[in-house]
Amino acid sequence: MSSFKPGGIAYSAQNCAVMRTANPITIVSLSLVNFDYSNEDRKAFTPPPPNDQFQEEMVIRPLYSGDIYASFQFRTQWDTDFLHDGKKVSHYRLFPKSLGQVLSKFSVRELHISFTQGYWRTMQWGQPFIPSPPGAELWVWFHHTVTDVDGNWKELTNVLSGIFCASLNFIDSTNTVEPSASFKPLGLGNATDHRFLRYATLPREIVCTENLTPWKKLLPCGSKAGLAVLMKSEKLFHSSFHSQAVHIRPVCKDWQCTSTAWELRQTLNVVFDLYTSGQGKKEWSLFKMFSRTLTEACPLASSSKIYVDVTDNPGVNPLISTAVVLGDRRTYSVYDLTKKETFGQLRSLNLLLRWKGENDMLRPPLHAERYVSGFGLQKGEIHTCLYNSHPYRAYPVLLLDSLPWYLRLYVHTLTVTSKTRENKPSYIHYQPSKDRLRPHLLEMLVQLPPHSVTEVTVQFERALLKWTEYTPDPNHGFYIGSSVISALVPSIVAMDTNSTRDRPLFSSFFPTKEESSYFMRVYTEPLLVNLPTPDFSMPYNVICLTCTVVAVGYGSFYNLLTRTFQVDEPSAPLAKRLANIIRRLRGVPLL
């Protein structure tokens with residue numbers, strides 16, 4: 037079909053509007069005007085290049101236990117400044133407007149929020165790309181110009197509670213702390229004043245579809261196209277582990293870091309138990325995991341890739357890439373969804389992988405566990421065990437514990453032992469609690485000897501609560517948030533310290549400054565502590581007993597006051613009655 041270019045603009049016969057009526061007459065409307073635009077006019081009509089971009093990727097990794105680990109990461113970068121004085125951002129393209137307004141309204145420098153169902157089993161699954169504790173976790177760095185940090189924090193939790201349909205409005209001063217060393221900014225900025233930092237957890241928060249739906253709506257394509265199509269609620273929540281998070285931070289716009297940009301990173305991690313849930317085979321596919329296949333990438337995404345860990349199954353696909361992740365060099369098979377040949381003739385992508393042997397798992401250099409010991413409901417002891425599995429390297433770790441006020445710590449009983457010897461912490465920061473106002477905060481820097489177990493113990497006493505402060509199911513117990521362990525652990529291979537755009541998203545979240553080590557954060561299990569609980573059925577028993585006594589006593593007294601009494605004379609004998617009858621007939625007085 038021929039085409040011509042009047043005035044430098046290409047036209048073809050397809051641009052003509054062809055209309056067919058019911059009559060066999062063809063009406064062709066062809067209206068072409070030869071516009072000869074000058075170069076200045078063309079530049080004026082040329083739209084400016086977008087200053088934001090969107091990337092999406094998914095990593096699939098078979099685990100040593102036979103489970104399948106799938107990690108989604110969506111990255112939106114916008115070259116703007118929400119915190120600039122006098123600058124109001126009103127036009128949003130890829131960045132969610134709801135989050136942008138939150139950053140601008142409350143002067144948020146960094147925001148990290150996660151919702152997790154289940155507990156990550158480090159010894160069976162290895163290390164996650166982005167760790168998170170069970171329940172809900174929120175920590176925020178505010179801008180240094182904020183005067184009322186507590187007021188902004190309270191309003192921010194209420195707004196986020198509405199955005200994510202969660203119970204974040206239950207975050208208050210009783211479960212909020214200001215860590216001094218454990219949580220440093222992950223983005224740009226040398227923020228060392230911890231007065232602008234707030235950290236809180238809700239270990240009992242339940243994650244469900246109501247939290248996933250608004251999370252997916254923050255994506256540029258929603259769940260209509262791209263990798264988000266695989267996020268089917270029935271499959272995601274029918275898993276061994278599920279975690280969704282939102283991370284917002286300022287990053288460098290380019291390599292020279294001449295200006296800053298804002299990065300929104302949405303992550304979703306899920307572990308499927310395909311081997312022991314009835315499948316019976318060591319294989320996986322996208323359809324088995326998500327009940328869906330991929331048909332296209334997100335049209336707004338500049339990059340859309342799937343990485344399949346084939347370190348233990350080489351030769352699966354010729355598109356091989358290597359990356360240093362979590363201190364180990366892994367091999368990945370890469371599928372680029374922006375290329376049409378990836379989907380084939382059926383326009384559908386359903387990855388399938390089978391393996392026969394066991395997968396090798398790099399033993400994590402650091403993991404931890406925590407439990408409560410003791411008997412009775414008056415006193416107890418918290419044990420935190422830190423494991424350093426490196427054969428010859430010792431390294432320091434930061435331990436953070438936030439305990440509620442109703443567990444009254446005996447700080448003088450704090451002991452740290454390694455290999456049956458006392459291990460004195462080099463740094464301790466303790467903030468005592470205030471009843472019904474703030475929790476305990478305990479931070480310490482402990483040196484872990486090589487191939488050792490370091491145990492941190494502290495005794496506590498259970499406080500008595502008011503009867504209105506108990507939960508609806510007090511006999512179930514009270515949840516205590518996870519401990520947070522942060523450390524620079526040794527790396528087996530040299531880490532890449534260059535932050536480039538070509539690196540996969542899952543390998544570039546935590547900044548790396550040293551080639552011999554990398555940053556690692558570990559969360560322990562949440563604790564379930566029983567408190568002295570009154571017999572809440574006693575009021576019912578007292579009410580029943582009181583009502584019974586009152587009814588019996590008052591009823592008898594009322595009966596005595598209202599009843600009329602008459603004298604009941606005893607009846608005369610039969611002979612006397614007969615005599616009285618005869619005397620009555622004879623008119624004689626009765627006996």
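Every number in my numbering is 36 more than the matching position in the sequence shown, counting from 1. Idealized CB from N, CA, C, for every residue including glycine. All values reported here derive from a predicted model rather than from experimental measurement.
| Check | Outcome |
| --- | --- |
| With distances taken from CA atoms, which of 255, 285, 197 is nearest residue 243? | 197 |
| Judging by CA-CA distance, which residue of 485, 330, 177 is the nearest neighbour of residue 286? | 177 |
| Assuming contact is defined by CB atoms lying nearer than 8 Å, are residue 370 and residue 96 in contact in what I supplied? | no |
| Among 490, 438, 439, 478, which residue has its Cα nearest to the Cα of residue 457? | 490 |
| With a Cβ-Cβ cutoff of 8 Å, do residue 240 and residue 214 count as a contact? | no |
| Evaluate residue 601 with the Cβ neighbour count: other Cβ atoms within 10 Å of its Cβ, from every protein chain shown; 16 or more gives buried, anything less gives exposed. | exposed |
| So residue 269 and residue 254 are in contact, right, with Cβ under 8 Å, and what is the actual spacing, rounded? | 16 Å between Cβ atoms; not a contact. |
| By how many angstroms is the C-alpha of residue 234 removed from the C-alpha of residue 338? | 34 Å |
| Could you spell out where the beta strand (DSSP E) holding residue 303 opens and where it closes? | 296 to 308 |
| Can you say whether residue 648 is buried or exposed, counting buried as having 16 or more other CB atoms within 10 angstroms of its CB? | The question about residue 648 has no answer here: the residues shown for the chain are numbered 37 through 627. |
| Kindly indicate which three-state DSSP category residue 131 falls into: helix, strand or coil? | coil |
| Relative to the ligand ADP, is the shortest distance from any of its heavy atoms to the C-beta of residue 524 smaller than 7 Å? | Absence of the ligand ADP from the depicted structure is noted, as is the absence of any ligand whatsoever, leaving it without description. |
| Taking only three categories from DSSP, how would you classify residue 166? | coil |
| Could you tell me whether the Cβ atoms of residue 483 and residue 404 are closer together than 8 Å? | no |
| Apply the 10 Å Cβ neighbour rule to residue 303 and answer buried if 16 or more other Cβ atoms are within range, or exposed otherwise. | buried |
| Please report the distance separating the alpha-carbon of residue 99 from that of residue 237. | 28 Å |
| Thinking just about the alpha-carbon of each residue, which of 105, 596, 540 is nearest to the one in residue 276? | 105 |
| If the criterion is Cβ atoms closer than 8 Å, does the pair residue 331 and residue 322 meet it? | no |
| In its own chain, which residues sit with a C-beta less than 6 Å from the C-beta of residue 192, not counting the 5 before and 5 after it? | 142 |
| Per DSSP, which residues does residue 283 bridge with? Please list them. | 148, 301 |
| For residue 495, which residues in the same chain have their Cβ closer than 6 Å to its Cβ, ignoring the five residues on either side in sequence? | 417, 446, 449 |
| My assumption, with CB atoms under 8 Å, is that residue 522 sits in contact with residue 452. Please give the rounded CB distance. | 17 Å between Cβ atoms; not a contact. |
| Looking at residue 170: is its Cβ nearer than 8 Å to the Cβ of residue 158? | no |
| Rounding to the nearest angstrom, what Cα-Cα distance links residue 527 and residue 546 in this structure? | 14 Å |
| Compare the Cα-Cα distances from residue 310 to each of 297, 295, 272, 599 and report the closest residue. | 272 |
| Could you tell me the alpha carbon to alpha carbon distance between residue 346 and residue 519, rounded to whole angstroms? | 33 Å |
| Could you work out which residue in 543, 572, 498 is closest to residue 504 when comparing CA atoms only? | 572 |
| Can you check DSSP and say which residues form a bridge with residue 442? | Per DSSP, none; premise fails for residue 442. |
| Check the C-beta distance from residue 112 over to residue 87 and give it rounded, since I have them as a contact under 8 Å. | That belief does not hold up - the Cβ atoms of residue 112 and residue 87 are roughly 12 Å apart, past 8 Å. |
| For residue 63, which of helix, strand or coil comes out of DSSP? | With a pLDDT of 32 at residue 63, under the threshold of 50, the predicted position of this residue should be treated as unreliable, and no value is reported. |
| What three-state label does DSSP hand residue 432 in the structure shown? | strand |
| Would you check if the distance between the CB atom of residue 300 and the CB atom of residue 92 is smaller than 8 Å? | no |
| Apply the 10 Å Cβ neighbour rule to residue 618 and answer buried if 16 or more other Cβ atoms are within range, or exposed otherwise. | exposed |
| Are the beta-carbon atoms of residue 474 and residue 209 separated by less than 8 Å? | yes |
| In angstroms with no decimal places, state the Cα-to-Cα distance between residue 463 and residue 435. | 10 Å |
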